[in-house]
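The numbering of the sequence shown is UniProt numbering, which starts it at 1 and goes up by one. Quick reminder that beta carbons are idealized off the backbone N, C-alpha and C, glycines included. Here the structure comes first, spelled out in structure tokens, and everything after it is commentary.
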Amino acid sequence: METMNRRDLCAAMAAFAFLGCGFSEAQSAVASEDSALAQSKVFRFSDLPVKQNENGGWGRQVMQGTLPTGEFVEVHETMLPPGKMPHPPHKHRNTEFVLIRQGKLEFLNEGKPEPVGVGDVIYTASNRMHGLTNVGDSPALYFVVSVSHGQA
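Printed below as a string of structure tokens:
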């Protein structure tokens, strides 16, 4: 059996590293092609089921899945009755964008309340305490777009 010198060992290690990269990229390509979001598509609003929430509101799951670029994305619509919160203030690792479609809301941003209304967009950074309350006299409607690395 021949012994390997340092030059041979370095060349072999580089070759293994190169092969590892190739296998990793091939697995990512296969995973992204298998993803529900690998192809462009339309999510028909009329086809999306509505789920009743405990607070008297409702939610509509639009989509969720992993993008070909690796981010996990989840989109839903919520109807929040007057005076209600979807849940207590909280924080999580995913980032959220909240697009206000109807109503008057109060966004609790790290303990500081901020008024938001129709057409406003809330950005919630990862791991920041936040909450939402409908402070209006009518139901509020908004979409949430949640983005994270890996499933949230």
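Leu48 and Ala140 look like a contact to me (Cβ under 8 Å); what is the Cβ gap, rounded to whole Å?
Between Leu48 and Ala140 the beta-carbon gap is near 19 Å, outside 8 Å, which marks them as no contact.
Does the distance from the CB of His76 to the CB of Gly103 come in under 8 Å?
No, Cβ-Cβ distance for His76 and Gly103 is not below 8 Å.
Buried or exposed by the 16-neighbour rule on C-beta atoms within 10 Å, applied to Pro86:
By the neighbour-count rule (16 or more Cβ atoms within 10 Å), Pro86 is buried.
How far does the beta strand (DSSP E) with Met129 in it reach, from first residue to last?
Careful: Met129 lies outside any beta strand (DSSP E) and carries neither H nor E.
Spatial neighbours of His92 within its chain, please: C-beta separation below 6 Å, excluding the five flanking residues on both sides.
Spatial neighbours of His92 in its own chain (CB-CB distance under 6 Å, excluding positions within 5 residues in sequence) are not present.
Tell me the DSSP secondary structure of Glu71 in three-state form.
Correct three-state label for Glu71: strand.
For Val73 versus Arg101, is the C-beta spacing smaller than 8 Å?
No, they are not a contact pair.
Tell me which same chain residues have a C-beta within less than 8 Å of the C-beta of Leu37, skipping the five on either side of it?
Annotation for Leu37: Met63, Gly65, Thr66, Leu67, Pro68 and Val73 place their beta carbon closer than 8 Å to its own, counting only its chain and skipping 5 residues before and after.
Assuming contact is defined by CB atoms lying nearer than 8 Å, are Val147 and Asn94 in contact in what I supplied?
Cβ distance < 8 Å, so Val147 and Asn94 count as in contact.
Span of the beta strand (DSSP E) holding Val64?
Sequence check: residue 64 is Gln here, not Val. Gln64: member of the beta strand (DSSP E) spanning Trp58 to Thr66, first to last residue.
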